[in-house]
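**Q** Numbering (this note's numbering), first residue to last: 136 to 254.
The beta carbon of each residue, even a glycine, is placed where N, CA and C say it ideally should be.
Quantities reported herein were computed from a predicted structural model and do not represent experimental measurements.
One structure is given below, represented as structure tokens, and several questions about it will come after.
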């Protein structure tokens, strides 16, 4: 099943929120010991990276400030080098980068919805 750009953006927003809700505010040492919140957050970050990677170039060009490539790189690292994950980086992403990302995605969703309603 092919998902639209709008669906992918909504997925990215939902899973960024999911990661933040499950592990936000937890320091790296607590994340390491808290298996369920850590795994939920990592899964959320994987979905964010995958969803954003699959958004079309046309939609990406409308929001150049969204960290498209870093989100995908983090996804790839979590998936392919799981045993090397630095929980300090994950904690920083969750605590400091997801809220702004959610706001950026939300703004882009509004643009795409407006564009879709004109079509």
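1) Which value, in whole angstroms, describes the spacing of the CA atoms of residue 231 and residue 197?
2) Count Cβ pairs between the stretch 238-254 and the stretch 168-182 that sit closer than 8 Å; are there 3 or more?
3) Is the beta carbon of residue 150 closer than 8 Å to that of residue 190?
4) Measure the C-alpha to C-alpha separation of residue 188 and residue 205 and round it to an integer number of angstroms.
5) Can you give me the C-alpha to C-alpha distance between residue 174 and residue 141, rounded to a whole angstrom?
6) Looking at residue 148 and residue 213, is the spacing between their C-beta atoms short of 8 Å?
**A** So, from the data block:
1) The count along the chain shown starts at 1 and reaches residue 231 at position 96. The count along the chain shown starts at 1 and reaches residue 197 at position 62. Answer to the nearest angstrom: the Cα atoms are 23 Å apart.
2) no
3) The residue you call residue 190 lines up with position 55 of the chain shown. The residue you call residue 150 lines up with position 15 of the chain shown. No. Outside cutoff.
4) Taking the first residue of the chain shown as 1, we reach residue 188 at position 53. Taking the first residue of the chain shown as 1, we reach residue 205 at position 70. C-alpha separation (whole angstroms): 10 Å.
5) On the chain shown, position 39 is the one that residue 174 refers to. On the chain shown, position 6 is the one that residue 141 refers to. Distance between the alpha carbons of residue 174 and residue 141: 26 Å.
6) Position 78 of the chain shown, counted from the start, is the residue given in the question as residue 213. Position 13 of the chain shown, counted from the start, is the residue given in the question as residue 148. Not in contact: residue 213 and residue 148 (Cβ atoms no closer than 8 Å).
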